[in-house]
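Student: Residue numbers (my numbering): 357 to 519.
My structure is below; once you've seen it, I'll send some questions.
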Ligand SMILES: CC(C)(COP(=O)(O)OP(=O)(O)OC[C@H]1O[C@@H](n2cnc3c(N)ncnc32)[C@H](O)[C@@H]1OP(=O)(O)O)[C@@H](O)C(=O)NCCC(=O)NCCS
């Protein structure tokens with residue numbers, strides 16, 4: 357990852373930049389600008405912004421599961437086309453895990469569609485780095501949960517680990 361990339365806790369004025377970045381990162385689903393603003397405020401402590409030359413080049417939205425405070429749920433990972441393949445997504449996940457508010461975190465969860473090879477590679481690699489097991493199961497099914505309008509989302513659970 358280029359040294360000049362800075363990883364930061366997002367701030368409220370990043371919301372619209374996140375919105376544009378996610379739009380440029382298929383197959384990610386876009387959310388409303390309002391949702392991105394909440395990610396950059398209420399969920400800022402478990403999210404990360406990557407900045408290069410004053411441009412937002414990466415973003416992870418995440419939150420601690422309300423009922424299971426040992427689990428960081430990673431909602432979306434977006435890395436701009438020109439900064440991919442340099443370890444940025446992995447570094448962003450590690451950056452969140454190293455924060456004081458994640459001290460109790462021993463598991464990561466996320467969901468991935470079967471066809472998203474880059475995402476499977478990223479979380480497979482994270483499991484190896486954390487020396488933890490990766491379990492997968494179906495969380496949201498194409499017909500039952502998406503009425504046929506979206507592919508099934510597989511739940512990935514990594515852990516336990518210490519960071
Ligand atoms: C998925 C994504 C976030 C990866 O970002 P990145 O910064 O390039 O990822 P990293 O460089 O940290 O790579 C992490 C691992 O995944 C592998 N990987 C990344 N992209 C890959 C691809 N397209 N195909 C195969 N492997 C890939 C890397 O080789 C690396 O493995 P290693 O640690 O064993 O060497 C980025 O491609 C992206 O934004 N894609 C579009 C949005 C998306 O699908 N997000 C994920 C769903 S939430």
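Every residue gets a Cβ at the ideal spot worked out from N, C-alpha and C, and that includes glycine.
Would you check whether ligand 1 has a heavy atom nearer than 7 Å to the C-beta of residue 508?
Tutor: No; taking the cut-off as 7 Å, the Cβ of residue 508 has no heavy atom of ligand 1 nearer than that.
Student: Any heavy atom of ligand 1 inside 7 Å of the beta-carbon of residue 442?
Tutor: Correct: residue 442 has its Cβ closer than 7 Å to ligand 1.
Student: Residue 370: buried (16+ other C-beta within 10 angstroms of its C-beta) or exposed?
Tutor: Buried, since its Cβ has 16 or more Cβ neighbours within 10 Å.
Student: Quick check on DSSP: helix, strand or coil for residue 484?
Tutor: Here residue 484 sits in helix by DSSP.
Student: If you draw a straight line from the alpha carbon of residue 408 to that of residue 360, how long is it in whole angstroms?
Tutor: Whole-angstrom Cα-Cα distance: 6 Å.
Student: Just to confirm, is the Cβ distance from residue 378 to residue 450 under 8 Å?
Tutor: Contact: no.
Student: Mind checking residue 501: buried by the 16 CB within 10 Å criterion, or exposed?
Tutor: It is exposed - the Cβ of residue 501 has fewer than 16 other Cβ atoms within 10 Å.
Student: Taking only heavy atoms of ligand 1 into account, decide whether any of them is closer than 7 Å to the Cβ of residue 472.
Tutor: Yes, ligand 1 has a heavy atom inside 7 Å of this Cβ.
Student: How would you call residue 457, buried or exposed, if buried means at least 16 neighbouring beta carbons within 10 angstroms?
Tutor: So residue 457 counts as exposed.
Student: Tell me whether the beta-carbon of residue 489 lies closer than 8 Å to the beta-carbon of residue 429.
Tutor: Contact: no.
Student: Relative to ligand 1, is the shortest distance from any of its heavy atoms to the C-beta of residue 520 smaller than 7 Å?
Tutor: Nothing about residue 520 can be read from this structure; the chain reaches only from 357 to 519.
Student: Residue 340 and residue 493: beta carbons closer than 8 Å?
Tutor: Lying outside 357 to 519, the shown extent of the chain, residue 340 is not represented and no answer is given.
Student: Less than 8 Å separating the beta-carbons of residue 373 and residue 412?
Tutor: In contact: residue 373 and residue 412 (Cβ atoms closer than 8 Å).
Student: Thinking C-beta only, is residue 445 closer than 8 Å to residue 435?
Tutor: Yes.
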